Structure formats: structure tokens, C-alpha cells
Amino acid sequence: TMPWFLAIMGGRVSIGENGEPQYKRPANYGNSNWQKLNPPGTLHLCKTGVRVGPLIKKNARFMVLTSFLFLIIQFPSSYEQRVYPKCPGNAKECRLQSDSERIYSFIGAVACAAFFMLYLYVQYRQSEEET
Numbered sequence: 108t109m110p111w112f113l114a115i116m117g118g119r120v121s122i123g124e125n126g127e128p129q130y131k132r133p134a135n136y137g138n139s140n141w142q143k144l145n146p147p148g149t150l151h152l153c154k155t156g157v158r159v160g161p162l163i164k165k166n167a168r169f170m171v172l173t174s175f176l177f178l179i180i181q182f183p184s185s186y187e188q189r190v191y192p193k194c195p196g197n198a199k200e201c202r203l204q205s206d207s208e209r210i211y212s213f214i215g216a217v218a219c220a221a222f223f224m225l226y227l228y229v230q231y232r233q234s235e236e237e238t
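Under our numbering, the first residue of the sequence shown is numbered 108, with each subsequent residue one higher.
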């Protein structure tokens, strides 16, 4: 999402030789003019980044898992398109195809709603643990 992208862009720092983000001045840097993002404004994909904690990794896994819910309707829809190949131009075939896909779209909608509720519950529990 856009807020996530902007947060990453705004919070990125240089990645050190050890592969760790440089949020603090390295001990071997001395008193010179050090900046977290060096050179300032760089957009290098491999030399800048942010530190990702365990909570972010857990949420990212949940997002990936829920992104597969579209397969609940995608596979039956692709199959039914082969069964009813004349659907785009034939109203009767389109009606038959949509009738055969209806249960899968309902199951997909229920699964998405259930995972959304689970996501809200998980977020609530995580907020309780942090305080």
C-alpha cells in the first residue's frame, strides 16, 4: 500500500558492510559528517533499507497467506470458462457459467471475511502484548 511504501522510503538508511542498517554512527567513522542515508537521497535497492522486526515478518506472512484466497474463485472460474467457451457472446452459457461459479464466490467471500476478522483479532492481541 502507499502508506507502507512511503514509510519505507522515508525511514530507509544506508546498509553497512555487514548487511545491517546503519541507524547509529559506526565506531570507526570518527568525527566526520555522518548521515544515516549516505549519499543523501540515494534510492539504491541493495545499499539502503530498513530493519524488519519479528512483528513485521509475522504480518507479512499473514498478508501472503490471505493473498491466496483469490484462488478459491480463480480456479473454478478458469475451469468453467473451458466448459462454457461461448460465454462472452452467449447469454445462456454465461448464465450457466455464473450459476456454477456462484457457490465458489460465496465461499471466497466468507473466507475473506473470516480471515479479515482473524486479522483484526491478531492485531488486537499484538497491541495488548506491546503495552
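Cβ coordinates follow ideal geometry from the N, Cα and C atoms, glycine included.
Quick caveat, the model's predicted, so the values are computed rather than measured.
Simplified DSSP assignment, three categories, for residue i
i    : result
R120 : For clarity, residue 120 is Val in the given sequence; the question names Arg instead. Correct three-state label for V120: strand.
G156 : strand
Q142 : coil
G148 : coil
P110 : helix
G215 : helix
Strand pairing of residue i, partner residues [DSSP]
i    : result
P128 : I122
Neighbourhood of residue i by C-beta distance below 6 Å, restricted to the same chain and skipping five residues each side
i    : result
E124 : none
W141 : R132
S207 : E187
E200 : Y191, K193 and C194
G215 : I179 and I180
S185 : none
R158 : P128
Neighbourhood of residue i by C-beta, 7 Å cutoff - its chain only, sequence neighbours within 5 removed
i    : result
F222 : T173 and L176
Y211 : I179, I180 and P183
A218 : L176 and I179
L162 : Q233
G156 : R119, I122 and P128
L144 : R119, V120, S121 and T155
L203 : Y191
A240 : A query on residue 240 cannot be resolved here, the shown segment of the chain reaching from 108 to 238 and no further.
8 Å Cβ shell around residue i - same chain, five flanking residues per side excluded
i    : result
R189 : none
Y130 : V120, K143 and R158
**OP:** Report yes or no: do the segment 222 to 231 and the segment 190 to 208 share at least 3 C-beta pairs separated by less than 8 Å?
**Re:** no
Subject >> Given 8 Å, three or more beta-carbon pairs between the segment 150 to 162 and the segment 112 to 122 >> reply: yes
Original post:
Taking only runs of the alpha helix (DSSP H) that begin and end inside the segment 157 to 208, which ones reach a length of at least 4 residues, in chain order?
Top reply: Segments of the alpha helix (DSSP H) lying fully in the segment 157 to 208: 161 to 174 and 178 to 190.
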